[in-house]
Amino acid sequence: MNAQQLQFVPASEFKQRAAVAVSDAHLRSSFRGAMDFLIGKRAAQFPDPVLLERQRGLAEHIRKYSLARLPELLEQLERKLTENGVHVHWAENPEQANRIIIDIARSHSTKLMVKGKSMVSEEVELNHAMADAGIEALESDMGEYIVQLDGEKPSHIIMPAIHKTKQEIARLFAAKVPGVSYTESVDELIGIGRAVLREKFMTAEVGLSGVNFAVAETGTLCLVENEGNGRMCTTVPDVHIAITGIEKVVEKLEHVPPLLGLLTRSATGQAITTYFNMISGPRKPGEKDGPREMHLVLVDNGRSQAYADEQLRSTLQCIRCGACMNHCPVYTRIGGHAYGTTYPGPIGAIISPHLLGLAATHVLPTASSLCGACGEVCPVRIPIPDLLVRLRGEAQHDARPGHAPLLGQGAAKSGLVDAVWSGWAAMYTRPALYRAFGWLATRFRALTPPLQSGWTVGRTPLKPAKRTLHERMAARRVR
Amino acid sequence: MEETGNRHYPEKPARVYLFGTCLIDLFCPEAGMDAVRLLEREGIEVHFPADQTCCGQPAHSSGFPEQTRAVALSQLRLFPQAWPVIVPSGSCAGMMRHHYPKIFADDPQLLAEAKALAERVFELSEFLLEVARVRLTDQGAPARVALHTSCAARREMGTHLHVRTLLGQLPGVEVAMHSHESECCGFGGTFSLKHPAISSAMASDKVEALQETGAQTFLSADCGCMLNLNHTLQKRGDGFQGQHLASFLWQRTATDGGQS
């Protein structure tokens, strides 16, 4: 449980981290620059808005269809993978997922596991668990490698080291990689990382990867990547372990291309990534390469809670492109680390409450102006703003009749806030009272408080006008 | 977010309702009065139901559905005639047009009423352009203005397009594009109170982008954004200030310079 407590996000701490982040000019300008770059790259891939809407509609439909049939598709996937010679494991929580992976690694006397990029492995804090078990888990995606080398967490789900400058990386490599001197040349820096990793790929007993799409009909695990490290992790070591969330399954191979086309375009503005791996099983007799043993770990970790609710289920449509973060004005201001969760930004605010509970995360859905940019770019049309509003409500109320309580339901309940909103509704449903308030507020406008909570942190106080519109319109009627 | 651009527009009516919004009522009533003047000049009689208060959006976005429903219900039946309901705020118009039907989805009778009302709700600039089909006559000196459109207005109502077209009728007015034009100003209702550091950072970036255009003023069809930006500018000690679109349109086109 310890590892998960790292992800508790107290409201006060989030606000403090956010305040520090927004006053960090360097962080502000680097995130703004990086997000602008990604926004531009994505936009260039979607020149025709009508076509884009058609593609989004298809992708949304495929994801909804897959989720509607999730239980049977997962069983079909397990059956098919087993036929293909893949061992399938089910993990309800991070502890189970880590235990399964550690047991597999130990059964092969593993000293080193190389990892391709996997957000689910971040979510279950696999690296900590492996370290505790005495097994080295080395990230091989360049961004993940950098972040791991510096003892940090990813700040973005697609570009984990986006918060770092090349100078910071140069200093990090010079300090942490033996025999390396300081260089700001990006090519040289990549070369240093590659040299370290090449050797590790050859010596690792186990390779771990994530999964972008799991095809039930054929038992195929699809892996999208740009660096080739995913292919190395899944083909060079003798054992390949894939780990993914239960929501990643689709029924047919033909469901993959529409999702893939939107994933890469939405994420990095690429029409297709450099590598697209389709893995259907371990090395067969007579084949010259590939792992001798293959496993898939399917992780729930709170996804079933989202699945059980008709509206919240759409959270699981996500294909992890990160476009919602890139377009989020809040994420752009505070970066990924301020959120404190594996998944930052808008998708993090709607998925984290299921993974970690509302007690730990209720502040995250409030950290949005509901501007709607996330919902507008989401390639699978998750109604993110609606879900943010819903989770705000669930955090402040008991479960509605006929609805099962969410983990941490009502964790942000406050008698005072309830009273404020009940008072508000009492006044705004009583027109005479409302007009009387307007009359008083305008007559005593000189007495308007100079400090108005969060409003006056960056603004001058609001002051009522001399007469309300109600009064002015009433005067006209009489005239 | 919601479909825009394919709405069927009725003929110009003889009478309309005005839903003034709570922010305009208390903080910018002049913008409401200017909206009335613009409508009346087109020969349209404006009715202002005296029992109107607020569309319910603050409670809705804060996660208080019961209170939202109560306040929304008290507005739902204030517009009995089949006249258009004009809202000089894109986000409040969006609330009534797109969210009321969801709020009352569980009650067939109320849902039918909410849908009927939603069909008649128009943001002011949309109504002036598409229903009243105004032809504005520019009376002002050449001016360069910037435009900030509220996010709900942009994504739910297409307001940015309507306002640009309306301003295009004024030959003396040049509308400058600003950096990150479609980005939120950081208001977000109670977001501005709950997360002041983030909200203020967004507001500061927005006022800087607006001023960088060299515009004399900025316009907004939403009182919330306008108050957020104007009070941010005042705190920074900047002289630059924005104006509600209704007031700008009236002042630019009234023969007496909008002094009435």
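Quick mapping for you: the protein sequence lines, in order, are chains A and B. 231 is the number that UniProt numbering gives to position 231 of the first sequence; each next residue is one higher, with no gaps. 71 is the number that UniProt numbering gives to position 71 of the second sequence; each next residue is one higher, with no gaps. The beta-carbon is built from N, C-alpha and C at its ideal position, and this holds for glycine as well.
Hey, Ala243(A) and Val120(A): beta-carbon distance below 7 Å or not? Contrary to the premise, residue 243(A) reads as Ile rather than Ala in this sequence. Taking 7 Å as the Cβ cut-off, Ile243(A) and Val120(A) qualify as a contacting pair.
Where does Ile272(A) sit, in a helix, a strand or coil, going by DSSP? coil
List the residues of chain A whose Cβ lies closer than 8 Å to the Cβ of Cys184(B), in chain order. Pro329, Ser369, Cys371, Ala373
Using the C-alpha atoms, what's the distance from Asn127(A) back to Met1(A)? Annotation note: pLDDT 32 at Met1(A) (below 50); position unreliable, coordinate value reported separately. Distance between the alpha carbons of Met1(A) and Asn127(A): 15 Å.
Tell me which same chain residues have a C-beta within less than 8 Å of the C-beta of Val163(B), skipping the five on either side of it? Ser125, Leu147, Thr149, Leu219, Ala221, Leu245
Going along the chain, which residues of the region 6 to 32 of chain B sit with their C-beta nearer than 9 Å to a C-beta in chain A? Leu18, Gly20, Thr21, Cys22, Ile24, Asp25, Leu26, Phe27, Cys28, Pro29, Glu30, Ala31, Gly32
Anything in chain A within Cβ reach of Leu227(B), meaning under 7 Å, just list it in chain order. Leu462
Which residue marks the beginning of the alpha helix (DSSP H) containing Met226(B), and which one marks its end? 223 to 236
Would Thr149(B) pass as an interface residue toward chain A - the criterion being a Cβ-Cβ separation below 7 Å? no
C-beta contact flag for Gly188(B) and Ser369(A) at 7 Å: yes
If the criterion is Cβ atoms closer than 7 Å, does the pair Val256(A) and Cys222(A) meet it? yes
Simplified DSSP assignment, three categories, for Tyr65(A): helix
At least one CB of chain A closer than 7 Å to the CB of Lys206(B): is that the case? no
Chain-ordered chain B contacts of Ala161(A) [CB-CB under 7 Å]: Neighbours of Ala161(A) on chain B: none; closest Cβ ~23 Å, over 7 Å.
Consult DSSP for Asn277(A) and reduce its assignment to one of helix, strand or coil. strand
Using DSSP bridges, identify the partner residues of Ser220(B). His148(B), His244(B)
In the DSSP assignment, find the unbroken beta strand (DSSP E) run with Thr244(A) in it and report its ends. 239 to 245
Keeping to the same chain, check which residues put their C-beta closer than 7 Å to that of Cys184(B); ignore five residues upstream and five downstream. Cys151, Met202
Backbone CA spacing between Gly56(B) and Thr159(B) [nearest angstrom]: 20 Å
Given Phe248(B), which residues of its chain have a CB within under 8 Å of its CB, disregarding the five upstream and five downstream residues? Val145, Thr217, Leu219
Any heavy atom of the ligand COA closer than 6 Å to the CB of Ser368(A)? Here there are no bound small molecules, and the ligand COA is not part of this structure.
Give the range of the alpha helix (DSSP H) segment to which His195(B) is assigned. Where His195(B) is concerned, there is no enclosing alpha helix (DSSP H), given that its DSSP letter is neither H nor E.
Whole angstroms is fine: what's the gap from Pro258(A)'s alpha carbon to Glu310(A)'s? 24 Å
Who are the neighbours of Gln67(B) on chain A, taking C-beta pairs under 7 Å? Trp421, Ser422, Trp424, Ala425
Can you give me the start and stop residues for the beta strand (DSSP E) that Trp90(A) sits inside? 86 to 91
Same chain only: Cβ atoms within 7 Å of Gly237(B), ignoring 5 sequence neighbours per side: none
Element boundaries [alpha helix (DSSP H), containing Cys324(A)]: 323 to 326
Buried/exposed call for residue 499(A), threshold 16 Cβ in 10 Å: Any answer about residue 499(A) is impossible in this case: the structure gives chain A only from 1 up to 479.
Endpoints, beta strand (DSSP E) assigned at Gly207(A): 206 to 209
Quick check on His295(A): does DSSP put it in helix, strand or coil? strand
Specify, as a first and last residue, the run of the beta strand (DSSP E) that Ala176(B) falls within. 173 to 176
What are the start and end residues of the alpha helix (DSSP H) that includes Thr442(A)? 431 to 443
I think Leu39(B) touches Val16(B), with their Cβ atoms under 8 Å apart; what is that distance to the nearest whole Å? 6 Å
Report yes if the C-beta distance between Tyr100(B) and Ala118(B) is below 7 Å; otherwise report no. yes
Could you give the distance in angstroms between the alpha-carbon of Phe48(B) and the alpha-carbon of Leu74(A)? 58 Å
I'd like to know whether the C-beta of Met202(B) is nearer than 7 Å to at least one C-beta of chain A. yes
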